[in-house]
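Notes for the one structure printed next.
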Amino acid sequence: KPIEIKGPAKIRKLLADVNRLILELQAYHGFQINKIIDENNKAKAMVDIVPDAAVLTDEKKELICFNERARMLLSLDQSKTNKLPECVGNEHFYKAVEFAINSQSESDFSEFKVDLGKKGIRIYLLISKKFNLTSLKKKGLAIIIRDITREKEFEAAKDDFFHMVT
Numbered sequence: 003k004p005i006e007i008k009g010p011a012k013i014r015k016l017l018a019d020v021n022r023l024i025l026e027l028q029a030y031h032g033f034q035i036n037k038i039i040d041e042n043n044k045a046k047a048m049v050d051i052v053p054d055a056a057v058l059t060d061e062k063k064e065l066i067c068f069n070e071r072a073r074m075l076l077s078l079d080q081s082k083t084n085k086l087p088e089c090v091g092n093e094h095f096y097k098a099v100e101f102a103i104n105s106q107s108e109s110d111f112s113e114f115k116v117d118l119g120k121k122g123i124r125i126y127l128l129i130s131k132k133f134n135l136t137s138l139k140k141k142g143l144a145i146i147i148r149d150i151t152r153e154k155e156f157e158a159a160k161d162d163f164f165h166m167v168t
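Per the working numbering, numbering through the sequence shown is continuous, rising by one, with the last residue being 168.
Rendered as structure tokens:
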């Protein structure tokens with residue numbers, strides 16, 4: 003807060019300068035907070051626009067951010083806990099997410115099949131990558147889950163065609 007200006011002329015000048023610095027620091031602080039909020043909004047927009055399931059966690063496996071596709075695909079339930087894989091409600095994805103979280107490597111790729119009953123068998127690619135949260139001086143983990151069923155079906159059809167031609 004600005005300091006009340008009173009006293010001899012030299013003290014009043016010094017207090018006025020200190021008050022000016024205080025106001026400049028407050029403006030700078032507000033600018034920095036707005037900048038952080040803007041960066042957070044940009045990152046959230048990038049995560050939300052991705053058509054794949056995207057999840058970010060910290061080193062304690064607590065959710066930092068996830069998109070709507072991840073919430074639906076993994077059936078994320080944060081009512082009990084905010085930690086992965088415990089908050090994954092979809093049993094088909096629980097083990098895959100658990101494997102990605104417990105992996106010791108910097109990045110992983112794994113494919114897995116999910117039998118959805120009447121909807122058929124879907125093939126998913128899980129990509130995980132560790133990253134640094136510099137502001138918190140911690141490591142984080144990014145997880146992307148992509149449905150690659152169509153790509154696999156296309157590859158199989160292409161291979162079948164190639165074998166028929168040869």
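All C-beta atoms in this analysis are idealised placements derived from N, C-alpha and C, irrespective of residue type, glycine included. Source: prediction; values computed, not measured.
When DSSP states are grouped into helix, strand and coil, Glu-64 belongs to the strand group. According to the DSSP assignment, Val-116 belongs to the beta strand (DSSP E) that extends over 109-117.
Nearest C-alpha to Asp-117 among Lys-141, Asn-92, Ser-105 and Phe-111: Asn-92. The residue from Asp-50, Ile-35, Arg-73 and Arg-148 with its alpha-carbon nearest to that of Val-90 is Arg-73. According to DSSP, Ser-130 shares a beta bridge with Asp-110 and Ile-145. In terms of CA proximity to Ser-105, Leu-128 leads the group Leu-128, His-94, Asn-84 and Ile-123. For Arg-124, the beta-bridge partners assigned by DSSP are Val-116.
About 5 Å separates the beta carbons of Ala-102 and Ile-145, which is inside the 8 Å limit, making them a contact pair. About 6 Å separates the CB atoms of Val-49 and Cys-67; that is less than 8 Å, so the two are in contact. The secondary-structure analysis by DSSP pairs Lys-140 across a beta bridge with Leu-135.
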